[in-house]
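Notes to accompany the following structure.
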Amino acid sequence: MSLPSEPYDVNFCFPVPDRLESERVVLTPFVPSKHAQEFVDQALLYPEIFKYLPFGPFSSLTDFLSNLIDSRVTPDPGYILFAIYDKTRPSGDSEVESKSKSESESKHPEGALAGLIGLINSSPANLVTEIGCVMILPPFQRTHVASNAVGLLLHYALNSKSPSPSLGLRKVVWQANALNKPSVRLAERMGFRLEGILKWDRVLPQGKDNAGNGGALREGDPMHGCVGRDTALLSLCWDEWEEGARERVDEIMRRVK
Numbered sequence: 088m089s090l091p092s093e094p095y096d097v098n099f100c101f102p103v104p105d106r107l108e109s110e111r112v113v114l115t116p117f118v119p120s121k122h123a124q125e126f127v128d129q130a131l132l133y134p135e136i137f138k139y140l141p142f143g144p145f146s147s148l149t150d151f152l153s154n155l156i157d158s159r160v161t162p163d164p165g166y167i168l169f170a171i172y173d174k175t176r177p178s179g180d181s182e183v184e185s186k187s188k189s190e191s192e193s194k195h196p197e198g199a200l201a202g203l204i205g206l207i208n209s210s211p212a213n214l215v216t217e218i219g220c221v222m223i224l225p226p227f228q229r230t231h232v233a234s235n236a237v238g239l240l241l242h243y244a245l246n247s248k249s250p251s252p253s254l255g256l257r258k259v260v261w262q263a264n265a266l267n268k269p270s271v272r273l274a275e276r277m278g279f280r281l282e283g284i285l286k287w288d289r290v291l292p293q294g295k296d297n298a299g300n301g302g303a304l305r306e307g308d309p310m311h312g313c314v315g316r317d318t319a320l321l322s323l324c325w326d327e328w329e330e331g332a333r334e335r336v337d338e339i340m341r342r343v344k
């Protein structure tokens, strides 16, 4: 499948930086023609990264574009994806990309593609956004990648509007399947506080039975065959950020291990 080469409109409701960068990680706005094929080639090797997400795994580039990018991301001005690059690993790292069908085409000057991360449910009217759509490829899990990617988005969202790039928002939300303990632990490690568990919060699509809350559905349920999800709701607010959370996040981002 060929992708259009013309400029891509990310259609986000806030100003979008060209890049967000720490010492070891770079985030760049996701552009299908630049990032989609390489990510899909990698994601096909690791379908488990979609276990707790309400979409995926994807069978092809067309499936990924149709059922995530074109239907969820691009039409929604509250939603933006970023490609995550690990600057400590060269593009084409044999440990990470040797299995990729497009290895010869996957070179990137920033380093190795480590996954995707997004801001979703963003609202200029309420000065809030949510970190979501976190898809870290397994070779980069339990490294500096997730903490640096999350930290960069927190700085972008919660820092006062000067210096740029920053948005000066009041709140960043994190929602995770209540069964997804690694996601909840990551959020808490990065300063998010649990607000509560939302019971029966989502109807999961068919094929996601192993991510359900285990509750039985009553007879006559209009979406019989689709299990329910309980959601852990966490948040980090501007006052917590300025009263020490920012410094703790920076310390975590600097850690080598």
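One gets this note's numbering by counting positions in the sequence shown from 1 and adding 87 to each.
Idealized CB from N, CA, C, for every residue including glycine.
- Message: In whole angstroms, give me the CA-to-CA distance for F169 and E306.
- Response: Near 42 angstroms, if we compare the C-alpha coordinates of E306 and F169.
- Going straight from the alpha carbon of P225 to that of R341, what length do you get? For P225 and R341, the distance between alpha carbons rounds to 21 angstroms.
- From W287, G294, L245, L240, pick the residue whose C-alpha is nearest to that of I171; which is it? Residue L240 is the option with its Cα nearest to I171.
- With distances taken between CB atoms, is the gap from V112 to V103 smaller than 8 angstroms? Cβ atoms of V112 and V103: not closer than 8 angstroms.
- Query: Are the CB atoms of K248 and V215 nearer to each other than 8 angstroms?
  - Reply: No, these two residues do not count as a Cβ contact at 8 angstroms.
- Item | Contained beta strand (DSSP E) runs [length at least 3] in the stretch 236-265, N- to C-terminal order | If you keep only unbroken beta strand (DSSP E) runs of at least 3 residues inside the stretch 236-265, you get 258-264.
- Is it buried or exposed for S193, if we count other Cβ within 10 angstroms and need 16 for buried? Because the pLDDT at S193 is just 49, under 50, the model does not fix this residue reliably, and the value given afterwards should be weighed accordingly. Burial of S193 is indicated by the presence of at least 16 other C-beta atoms within 10 angstroms of its C-beta.
- Look up M277 in the DSSP assignment and say whether it is helix, strand or coil. When secondary structure is reduced to three states using DSSP, M277 falls in the coil class, being assigned neither helix nor strand.
- Task: Note down, in chain order, each residue of its chain lying with its Cβ closer than 6 angstroms to the Cβ of H242, except the 5 sequence neighbours on either side.
- Result: Taken in chain order, the list of residues that qualify is empty.
- If you count every other CB in all the chains shown that lies within 10 Å of the CB of Q129, and 16 or more means buried, which is it? With 16 or more other Cβ atoms within 10 Å, it is buried.
- Is it true that the CB of R335 sits closer than 8 angstroms to the CB of G53? Only positions 88 to 344 of the chain appear in this structure, which leaves residue 53 out of reach.
- Task: Specify, as a first and last residue, the run of the alpha helix (DSSP H) that P119 falls within.
- Result: Per DSSP, P119 is one residue of the alpha helix (DSSP H) stretching across 119-130.
- Give the DSSP-derived three-state secondary structure of D150 in the structure shown. Correct three-state label for D150: helix.
- Task: Just mark I284 as buried or exposed, buried being the case when its beta carbon has 16 or more other beta carbons within 10 Å.
- Result: By the neighbour-count rule (16 or more Cβ atoms within 10 Å), I284 is not buried but exposed.
- Query: What's the C-alpha gap between K268 and L323?
  - Reply: One C-alpha to the other measures close to 18 angstroms.
- Item | D317 versus G202 - alpha carbon distance | Using only the alpha carbons, I get a separation of about 25 angstroms.
- Residue environment, E125, which counts as buried when at least 16 other CB atoms sit within 10 Å: Under this definition E125 is a buried residue.
- Query: What's the C-alpha gap between I207 and Q262?
  - Reply: Roughly 10 angstroms between the two C-alpha positions.
- Query: Is A212 helix, strand or coil when you go by DSSP?
  - Reply: Note: A212 maps to coil in three-state DSSP.
- Can you list, in chain order, the stretches of the beta strand (DSSP E) that have 3 or more residues and sit fully within the stretch 301-328? With a minimum length of 3 residues, the continuous beta strand (DSSP E) runs that stay inside the stretch 301-328 are 315-324.
- Query: Which residues in the same chain as R280 place their Cβ atom closer than 8 angstroms to its Cβ, once the five residues preceding and following it in sequence are excluded?
  - Reply: Leaving aside the five residues that flank R280 on each side, the residues in its chain whose CB is nearer than 8 angstroms to its CB run, in chain order, L321, S322, L323, E327.
- Between the stretch 115-123 and the stretch 150-165, are three or more C-beta pairs nearer than 8 angstroms? Between the stretch 115-123 and the stretch 150-165 there are three or more C-beta pairs closer than 8 angstroms, enough to call the two in contact.
- Task: Give a yes or no on whether the C-beta atoms belonging to F99 and V127 are separated by under 8 angstroms.
- Result: Cβ distance not < 8 angstroms, so F99 and V127 don't count as in contact.
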